[in-house]
Amino acid sequence: MKVQPSLNLFSIEQIEYVHKNTLKLLEKTGVRVDSEQARNTFLRAGCKSLGDARVAIPGEIIDAAIETAPASIDIFNRRGEKAFTLGENQPCRFGVGVTNLWWEEPETNAIVPFSRKHVVQACRLAERLTHYDVVSTPGVIQDMPTEVSELYATLEMIANCEKPLVLLVAEADAFRKSLDLAQHLCGDLAESPFIIPYFNPVTPLVLNAETSEKVLLAVERGLPIIYSNYGMAGATTPITAASALVTLNAELLAGLVYTQLLKSGAPVILGSLPAMFDMRNMTSIYTPQTMLLNLACAEMMAYYKIPHAGTSGSGPGWGADLSAAGALWMNHLTSCMGKVGLAPFVGGNFDSLVFSPAKVVYADEIIRQTCLFQQGISLNDETIALEQIEDIGPGGNFLASDLTLRLFHEMNAQNNAIWPGYSLENWQAKDAPKADAVLKQRVLEILANLKTPVDYGVLIGKGYEFFKLLC
Numbered sequence: 000m001k002v003q004p005s006l007n008l009f010s011i012e013q014i015e016y017v018h019k020n021t022l023k024l025l026e027k028t029g030v031r032v033d034s035e036q037a038r039n040t041f042l043r044a045g046c047k048s049l050g051d052a053r054v055a056i057p058g059e060i061i062d063a064a065i066e067t068a069p070a071s072i073d074i075f076n077r078r079g080e081k082a083f084t085l086g087e088n089q090p091c092r093f094g095v096g097v098t099n100l101w102w103e104e105p106e107t108n109a110i111v112p113f114s115r116k117h118v119v120q121a122c123r124l125a126e127r128l129t130h131y132d133v134v135s136t137p138g139v140i141q142d143m144p145t146e147v148s149e150l151y152a153t154l155e156m157i158a159n160c161e162k163p164l165v166l167l168v169a170e171a172d173a174f175r176k177s178l179d180l181a182q183h184l185c186g187d188l189a190e191s192p193f194i195i196p197y198f199n200p201v202t203p204l205v206l207n208a209e210t211s212e213k214v215l216l217a218v219e220r221g222l223p224i225i226y227s228n229y230g231m232a233g234a235t236t237p238i239t240a241a242s243a244l245v246t247l248n249a250e251l252l253a254g255l256v257y258t259q260l261l262k263s264g265a266p267v268i269l270g271s272l273p274a275m276f277d278m279r280n281m282t283s284i285y286t287p288q289t290m291l292l293n294l295a296c297a298e299m300m301a302y303y304k305i306p307h308a309g310t311s312g313s314g315p316g317w318g319a320d321l322s323a324a325g326a327l328w329m330n331h332l333t334s335c336m337g338k339v340g341l342a343p344f345v346g347g348n349f350d351s352l353v354f355s356p357a358k359v360v361y362a363d364e365i366i367r368q369t370c371l372f373q374q375g376i377s378l379n380d381e382t383i384a385l386e387q388i389e390d391i392g393p394g395g396n397f398l399a400s401d402l403t404l405r406l407f408h409e410m411n412a413q414n415n416a417i418w419p420g421y422s423l424e425n426w427q428a429k430d431a432p433k434a435d436a437v438l439k440q441r442v443l444e445i446l447a448n449l450k451t452p453v454d455y456g457v458l459i460g461k462g463y464e465f466f467k468l469l470c
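Quick note on numbering: numbering that gives the first Met the number 0 labels position 346 of the sequence shown as 345, and the sequence is numbered without any gaps.
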């Protein structure tokens, strides 16, 4: 018998209460839909125009969308092999990202503009570390013209990763070209989807034109999408957790309705990135309340039987430091114990402006530890081992017992993989190394030994051929 820890926030009655209030909000206040094409899609289905581009969505249309959306989505790698499934109470998955403008040099901690070479390093690092399941667009290339930088970032992601990709592209035209590029490199994207486009509405309660256009492009291509909102309590959402939850939930259900009206059964992953607004420093902050909202959103999606993507513990910290560690541990542990499906954006500092390779390496170990914790323990006659206790008796020891000899290596593998478990004497004998220095050395060793994919040159060459066709 396996005994596993779990974390639940709501009762079924509380979930239904949140849902009821979400329906009220969508039926009375509605959402603003900026695109005429998207607005007409809602209106043709029976939604009501409230004027000023606002659309009220009846409960029966929401219920129908929830019913038609898939409860689980198979995600593949670039080779066409199934990587994992999202939805239906699968374990939480993690990814590296996202859209950072700066790069923290791991040797000097200098902050430099994010460049094309950093896309390469970030992707190869994520490919090397075993506890990341996806790679999200790690940064925005600053040393290339904006009209081509996103295409080159997409090319480097595909050429350097076999893991599934979460793709973030700002402009609709660049997004279309990025999908064309991916198809040119890898063939039909819908057959074994390894690219998951990621989209945001505008909080509060706006489906903006750029997002609706990109959603349409992705749905037409048969790709699974992540539709995720970002809300700052006290700024773009109400300050109370309950009101922020209902607002964000309404936005997600409006996005779900839109996808299902475009194509019934379109695969959609929903989730929120809740934050608080720090008025003193004019930035986002992540608090126990925002972590609770992340769990709450995951439980709402489980209730709807919709795959979920949530927060990643990125944002706090000035590097792989104590502040960052606290957020990573709380986010990853609660995600593994709760119903979070995907945490795709690990690695950013300063509110996800600066990509930190050290943070990515440290978080990989945190993910390993939290997954081990979530696996729980075996509880049965063999693991209780009363006969062994009887044989050894009071005052004995278990150093050479059959179970110890059989399981010693497995249990010791749970030790921290970055920092040795020195005794005081051994630590002093090593000249009392600092924890951050040990981490830095580990990061530099990993980065120095990253491998170039065997098909990297072929894919880059095909990418350049595609770029010539655009000219």
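Positions of the beta carbon are idealized from the N, C-alpha and C atoms, including for glycine.
- Taken in chain order, the complete alpha helix (DSSP H) segments of 4 or more residues contained in the stretch 217-297 are 240-261.
- For A301, the closest alpha carbon among the candidates A436, Q89, R405 is that of Q89.
- Taking Y285 as the centre and dropping the five residues before and after it, the same chain places the C-beta of A274, G314, P315, A326 closer than 7 Å to its C-beta, in chain order.
- Following the DSSP letters along the chain, one finds I157 in no beta strand (DSSP E) but inside the alpha helix (DSSP H) bounded by residues 145-159.
- Taking 8 Å as the cut-off, the Cβ atoms of G340 and V97 do not count as close.
- Per the DSSP secondary-structure output, Y197 pairs in a beta bridge with I225.
- With contacts defined as CB atoms closer than 8 Å, L184 and G420 fail to qualify as a contacting pair.
- Its chain contains I65, A68, A70, G86, L255, V267, I268, L269 as the residues whose beta carbon lies nearer than 8 Å to that of I305, once the 5 sequence neighbours on both sides are disregarded; these appear in chain order.
- E212 and A171 have their alpha carbons spaced roughly 7 Å apart.
- Taking C-beta atoms under 8 Å as the contact rule, Q387 and C335 fail to qualify, at a distance of about 31 Å.
- Bridge pairing for A55: K47 [DSSP].
- Taking C-alpha positions only, L251 is separated from D435 by approximately 40 Å.
- Remark: three or more beta-carbon pairs, one from each stretch, lie closer than 8 Å, so the stretch 359-376 and the stretch 117-133 are flagged as touching.
- Shown here for S322: same chain residues with a beta carbon closer than 8 Å to its own, the five before and five after excluded, namely P315, G316 in chain order.
- Across the set P112, F93, V359, the C-alpha of V359 shows the shortest separation from the C-alpha of A121.
- Looking at the DSSP output, G347 bridges to F354.
- Residue nearest to K176 within the set Y197, Y151, F276, S351 is Y151 (criterion: CA-CA distance).
- Sixteen is the threshold: since fewer than 16 other Cβ atoms of the shown chains lie within 10 Å of the Cβ of T107, the residue is exposed.
- Residue nearest to S271 within the set S283, M281, I14, A297 is A297 (criterion: CA-CA distance).
- When DSSP reads this structure, T84 sits in a beta bridge with D73.
- If you draw a straight line from the Cα of L443 to the Cα of T210, it is about 39 Å long.
- Around the beta carbon of R405, fewer than 16 other beta carbons sit within 10 angstroms, so the residue counts as exposed.
- In the structure shown, A342 falls within a strand segment according to DSSP collapsed to helix, strand and coil.
- Of all alpha-carbon atoms in V245, E389, F193, V165, the one lying nearest the alpha-carbon of Y226 is that of V165.
- Between the C-alpha atoms of S422 and V147 there is a straight-line separation of about 53 Å.
- DSSP places W317 in no alpha helix (DSSP H); its state is neither H nor E.
- Take A234, set aside five residues on each side of it, and the residues of its chain with a beta-carbon closer than 6 Å to its own are F276, in chain order.
- Around the beta carbon of V453, fewer than 16 other beta carbons sit within 10 angstroms, so the residue counts as exposed.
- The straight-line gap separating the alpha-carbon atoms of T333 and T145 is approximately 38 Å.
- According to the DSSP assignment, E106 belongs to no beta strand (DSSP E), since it is labelled neither H nor E.
- Under the three-pair Cβ rule at 8 Å, the stretch 154-165 counts as touching the stretch 186-205.
- In this structure, DSSP gives S211 a helical state, which the three-state scheme calls helix.
- Here K262 is near V218, since their CB atoms are less than 8 Å apart.
- G50 is the residue among E190, I238, G50 whose C-alpha sits nearest the C-alpha of R38.
- The residue from A241, L468, P356, S311 with its alpha-carbon nearest to that of L8 is A241.
- Secondary structure note for V32: its beta strand (DSSP E) is the uninterrupted segment 30-32.
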